[in-house]
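Chemist: Quick one: the structure is below, and I'll ask about it shortly.
Residue numbers (the numbering used here): 208 to 1310.
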């Protein structure tokens, strides 16, 4: 909402208060969230109107916004609870406990338990902390003092506690001034005008009785001045009572506008002129990141016809902030049924092979879809037949003709992404903007005939957007880039025609448009500036700030009459708005976005009726004339947080980017009929495979890279056979929604409740995926069958570790989760941070490096005690509550890489990069034993080699994981009882873990193979090849593997490209393979197996 709109709300509040509309005043205060009336709040608290107290607060804050808000709501609900107990209304107390107070249990479980125990007391004052509780009135007064302090300290209430200093009846004064001004404009003003209505502009009747012309200029259009003198930009002053032309913002952009005939209306200043071109924006939003696939302006041939005149009785409003509805735009000639008119049915699922970044349908062949991807590929799909007609990899056509900076950049890093693909208006050409300097224009000749047309070294750095336009009836390409410029090129020759300079930050988007024979371009930059240009090298005609000041794009409706923008701020607040062009103000703001979007929201328009945006793992639709969300669809799941979207020309089809390099085509009834025209038996047979099966068809042969396991070659069994999984159809695999800022997963864990996965990325950011309980997932537990939500609290903050002066990518990351999932302790080379898992707030930081923490483990009996492995080879036993190191353990020679507690043996087992294992008493922290892991003869571990330890379910045996081997040790004697060694010629082990019941061991390898072992005798039972869960054209591997805490056959992988996968066996199988027959006929457990020969070498004990 603009600042003028905000001030208008204050004027209305003053008016309502003066007119004694008391309830309405407070309702508007709450709904606008502009002014928190502390006096009203105090009265409601004193009166104990708790529902109204919380409802009023909800306009300003929510429970989990920050610690102040949480404390405010807690104090109110606690008081309500105590009052119910004081009245001995235990049923009411239980209701409050369950409905209102339980939300705080995950924040402080002990406190919740203590509150619950109050139900058992005859008088809650028996509780020591409540012994001084007086009567209800005094308790409310005491609480109110605390609440006022919390509200005043809460940043969400900043600037909302003081009402502006206004003169009495300020709104009435402004209206009177407006009426006086209107009266001055009357052709024949009467001495004592009779003002009977405010609904239309005042006008004194003409002496001859003729009806005065209606001042009906549509505010969105304004009036176009006649050719001649044009006032300077921004001449928004009051209309002059002379026949002078009425200034409009964009009129000042044009230095030499074409001569246009306009109807003359009796010399009146407020004449009914022809519509102007689009007006300047006051506050559009800023552009998105280069990967954003947004809609540019609807192209020239769609906007050449004159904009319809919205003749009304309203006239131009004297207050810029007043939003109104215009009959020219409100209400269509026909009623519509949203389910039929909107493309919501998934009709096609395509797999591009790499992640789609930008898409555009052909303007004439409306089932022809152009796609650009994150690796520079260009794909052309006939979505009706599901046929990929063209696939072109990125290649510079003429490297010798490129600039030296481009050549150097490509040598340094050849990786290139597509930022934008778009068809020319007639579909004969299409343009591709890349993340490196280059724009390529192809010509299209039907079918799969795509030819190189012209290549342009357009900008220094990325080319962030591209659009076609027709200035002077010549087809041109408009580009913008990281070098802060906008350039216009001849589309057929590549000759540069214009360069527009003036932005002070990278230019992200361009939106060309055409009105009344005038061509112009809007541009947005990453500093939040919006500028407008004519094709004349005369500089920018406007300079405005975009709300949110970050990622925004603009688009016109198909008929060119309505301008919209969509943007996401750096804090994740997303908006779609319609602009009043002549006033440069927001006309309406559409509601329904997630409070904090997980990515940059992208949008498109269709049919002059609908808006669509990708947000919250779904597609959201609005009617252009209604700010309320019309509907949303999740496209059967599998969408990223902010999917890229694109309508075809008639709005019957919608292309949506999906996870796993997918594209989903949504259709309405017309779209389904259109697609059916392409279907025949041959195509059905050829394309009946699922997208996953299609990927499997391209799966690589892993025979030369899979680990060679010695045990399986010696198996004499004629019955048992190793289970090999090489295709996606042989298991259930789910790629979790990704965060584009994350490049590598360093640590991974399931929450103890089993309904979420927490990851720590190499750039110090934590990611939390939560599964929701619904019809498809009645348990609410993690599963490969339902995609989770990449979750953030409503505040939008991320849990990000301190990185000090270090590069987090080069640091050792570590974290540990408390038993109740309430807290996570984490470090990425800097200070150790303690985060609240419900709010993502940093509760405390401690232990600045050096030395840096390399491994963390909570004590099993006391969450306040943490074992911290350090990169100087020591282990520090730290008490969080008293902020004190209780003990420092020395025994390793290199950094600590693993820690594990046994609550049965009361020991801590540690492992280090020196391949040494130590056992420490958790009573006095003395070292009991130490031993070095036996490495295979001739094998030298890499400098970064880690040794990890994890206790078996029996708490007496533990798993040792090294890049060369897996081993089971007995803790009391520190003896190796089983060992599996990887062949030297095979890929090293990257990580391994027990299943939740310790019956299986999941191990990942650097060639992306996953092996499942039977834990009792360390024998391989199932091998999962990369082709079963990865596309064939990626070179990634698992860094870490985590097991579900309740489902023994489920595990998750954190990959080197920042992706997390969840894997489960098919429901029909129920488990990973068949256990191999035991050696020597024994089915004994790990304890009973004899020690491995030469299991380890003893080292002197160290203290």
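Backbone N, C-alpha and C define an ideal beta-carbon position, used for all residues, glycine too.
1. Based on the DSSP secondary-structure assignment, which residues constitute the bridge partners of residue 1245?
2. Mind checking which residues open and close the alpha helix (DSSP H) that includes residue 612?
3. Counting pairs of beta carbons, one from the segment 1252 to 1263 and one from the segment 982 to 998, are three or more of them closer than 8 Å?
4. In angstroms with no decimal places, state the Cα-to-Cα distance between residue 962 and residue 665.
5. Could you check whether residue 670 and residue 640 sit closer than 8 Å to each other, using their CB atoms as the reference points?
6. How do the segment 582 to 602 and the segment 549 to 566 stand: do at least 3 beta-carbon pairs fall below 8 Å, yes or no?
7. So which of 1081, 1102, 1071, 1080 has the shortest CA-CA distance to residue 1091?
8. Under the DSSP definition of a beta bridge, which residues are partnered with residue 1200?
9. Using 8 Å as the Cβ pair cut-off and three pairs as the minimum, do the segment 604 to 621 and the segment 569 to 580 touch?
10. Please tell me whether residue 683 and residue 672 are closer than 8 Å, where the distance is taken between their beta carbons.
11. Any idea if residue 604 is buried or exposed, counting beta-carbon neighbours within 10 angstroms, 16 or more meaning buried?
12. Tell me where the alpha helix (DSSP H) around residue 211 begins and ends.
13. Can you check which of these residues, 1015, 983, 933, 1011, is closest to residue 953 by C-alpha distance?
14. Quick one: Cα of residue 647 to Cα of residue 653, how far?
15. Enumerate, from N- to C-terminal direction, the unbroken alpha helix (DSSP H) stretches of 4 or more residues contained entirely within the segment 296 to 330.
16. I think residue 808 touches residue 821, with their Cβ atoms under 8 Å apart; what is that distance to the nearest whole Å?
17. Looking at residue 1000 and residue 1047, is the spacing between their C-beta atoms short of 8 Å?
18. Per DSSP, what kind of secondary structure is residue 1014 in: helix, strand or coil?
19. Please say whether residue 685 and residue 728 have beta carbons closer to each other than 8 Å?
20. For the beta strand (DSSP E) that contains residue 811, what are its first and last residues?
21. Rounded to the nearest angstrom, how far is the Cβ of residue 996 from that of residue 1026, given a contact under 8 Å?
22. Closest to residue 593 by CA distance: which of 554, 621, 600, 631 is it?
23. How many angstroms separate the CA atom of residue 1138 from the CA atom of residue 1035?
24. Based on DSSP bridge pairs, tell me the residues matched to residue 648.
25. Would you give the residue range spanned by the alpha helix (DSSP H) that residue 878 belongs to?
26. Could you check whether residue 343 and residue 293 sit closer than 8 Å to each other, using their CB atoms as the reference points?
27. Please classify residue 1050 as buried or exposed, where buried requires at least 16 neighbouring CB atoms within 10 angstroms.
28. Considering only DSSP beta bridges, list what residue 852 is partnered with.
29. Give every residue of the same chain whose Cβ lies closer than 8 Å to the Cβ of residue 361, excluding the five residues on either side of it in the sequence, and list them in chain order.
30. Identify which residue in 1122, 1127, 955 has its Cα closest to the Cα of residue 1095.
31. Could you please give the first and the last residue of the uninterrupted beta strand (DSSP E) stretch that includes residue 828?
32. Are the CB atoms of residue 288 and residue 264 nearer to each other than 8 Å?
33. Among residues of its own chain, excluding the 5 on either side of residue 1157, which ones have a beta-carbon nearer than 7 Å to its beta-carbon?
34. Are there 16 or more other CB atoms within 10 angstroms of the CB of residue 1006, so buried, or fewer, so exposed?
35. Apply the 10 Å Cβ neighbour rule to residue 1104 and answer buried if 16 or more other Cβ atoms are within range, or exposed otherwise.
36. Going by C-alpha to C-alpha distance, which of 840, 1133, 1122, 373 sits closest to residue 219?
Modeler: Walking through what the data contain:
1. Working through the chain shown from its first residue, we reach residue 1245 at position 1038. According to DSSP, residue 1245 bridges with 1262.
2. Reading the chain shown from its first residue, position 405 is the one you call residue 612. That run of the alpha helix (DSSP H) goes 611 to 619.
3. yes
4. One-based indexing of the chain shown puts residue 962 at position 755. One-based indexing of the chain shown puts residue 665 at position 458. Whole-angstrom Cα-Cα distance: 49 Å.
5. Mapped onto the chain shown, residue 640 falls at position 433. Mapped onto the chain shown, residue 670 falls at position 463. Cβ atoms of residue 640 and residue 670: closer than 8 Å.
6. yes
7. Against the chain shown, residue 1091 aligns to sequence position 884. Considering only alpha carbons, the answer is 1071.
8. Mapped onto the chain shown, residue 1200 falls at position 993. DSSP output for residue 1200 lists 1209 as bridge partner(s).
9. no
10. In the chain shown, residue 683 corresponds to position 476, counting from 1. In the chain shown, residue 672 corresponds to position 465, counting from 1. Contact flag unset, no.
11. Mapped onto the chain shown, residue 604 falls at position 397. Classification of residue 604: exposed, given that the 10 Å Cβ count is below 16.
12. Reading the chain shown from its first residue, position 4 is the one you call residue 211. Note, residue 211: alpha helix (DSSP H), 210 to 225.
13. Against the chain shown, residue 953 aligns to sequence position 746. The shortest C-alpha separation from residue 953 is found at 1015.
14. Taking the chain shown and counting its residues from 1, one reaches residue 647 at position 440. Taking the chain shown and counting its residues from 1, one reaches residue 653 at position 446. Using only the alpha carbons, I get a separation of about 18 Å.
15. The segment 296 to 330 contains these whole alpha helix (DSSP H) runs: 297 to 303, 316 to 324.
16. Along the chain shown, read from residue 1 onward, the residue named residue 808 stands at position 601. Along the chain shown, read from residue 1 onward, the residue named residue 821 stands at position 614. Contact flag correct, Cβ pair sits at about 6 Å.
17. Position 840 of the chain shown, counted from the start, is the residue given in the question as residue 1047. Position 793 of the chain shown, counted from the start, is the residue given in the question as residue 1000. The answer is yes: Cβ separation under 8 Å.
18. Position 807 of the chain shown, counted from the first residue, corresponds to residue 1014. Three-state DSSP puts residue 1014 in coil, outside helix and strand.
19. Locating residue 728 in the chain shown gives position 521, where the first residue counts as 1. Locating residue 685 in the chain shown gives position 478, where the first residue counts as 1. Against a cut-off of 8 Å, the Cβ pair of residue 685 and residue 728 comes out as a contact.
20. As a working note, residue 811 is residue 604 in the chain shown. Residues 809 to 813.
21. As a working mapping, residue 996 is identified with position 789 in the chain shown. As a working mapping, residue 1026 is identified with position 819 in the chain shown. Not really, about 24 Å apart at Cβ, beyond 8 Å.
22. Here residue 593 is taken as the residue at index 386 of the chain shown, counted from 1. Residue 554 is the option with its Cα nearest to residue 593.
23. Within the chain shown, residue 1138 is the residue found at index 931, counting from 1. Within the chain shown, residue 1035 is the residue found at index 828, counting from 1. Cα to Cα, the separation comes out at about 29 Å.
24. Within the chain shown, numbered from 1, the residue matching residue 648 stands at position 441. 638, 661, per the DSSP bridge assignment.
25. Position 671 of the chain shown holds residue 878. Residues 876 to 883.
26. The residue you call residue 293 lines up with position 86 of the chain shown. The residue you call residue 343 lines up with position 136 of the chain shown. Residue 343 sits close to residue 293, with the two beta carbons spaced by under 8 Å.
27. For the purposes of this step, residue 1050 is identified with residue 843 of the chain shown, where counting begins at 1. Residue 1050 should be labelled exposed.
28. Looking up residue 852 in the chain shown gives position 645. DSSP lists 863 as partners of residue 852.
29. Mapped onto the chain shown, residue 361 falls at position 154. Cβ neighbours of residue 361 beyond the five flanking positions: 268, 273, 275, 276, 279.
30. If you number the chain shown from 1, residue 1095 lands on position 888. Answer by Cα proximity: 1127.
31. Here residue 828 refers to the residue found at position 621 when the chain shown is read from its first residue. Segment 825 to 830, the beta strand (DSSP E) holding residue 828.
32. For the purposes of this step, residue 288 is taken as residue 81 along the chain shown, with counting starting at 1. For the purposes of this step, residue 264 is taken as residue 57 along the chain shown, with counting starting at 1. No, these two residues do not count as a Cβ contact at 8 Å.
33. The count along the chain shown starts at 1 and reaches residue 1157 at position 950. Once the five neighbours on either side are set aside, the close Cβ partners of residue 1157 are 1107, 1165, 1166, 1200, 1201.
34. Along the chain shown, one-based indexing puts residue 1006 at 799. Its Cβ being crowded by 16 or more others within 10 Å, residue 1006 is buried.
35. Position 897 of the chain shown, counting from 1, holds the residue named residue 1104. Residue 1104 should be labelled buried.
36. By 1-based counting over the chain shown, the position of residue 219 is 12. That would be 373, whose Cα lies nearest to the Cα of residue 219.
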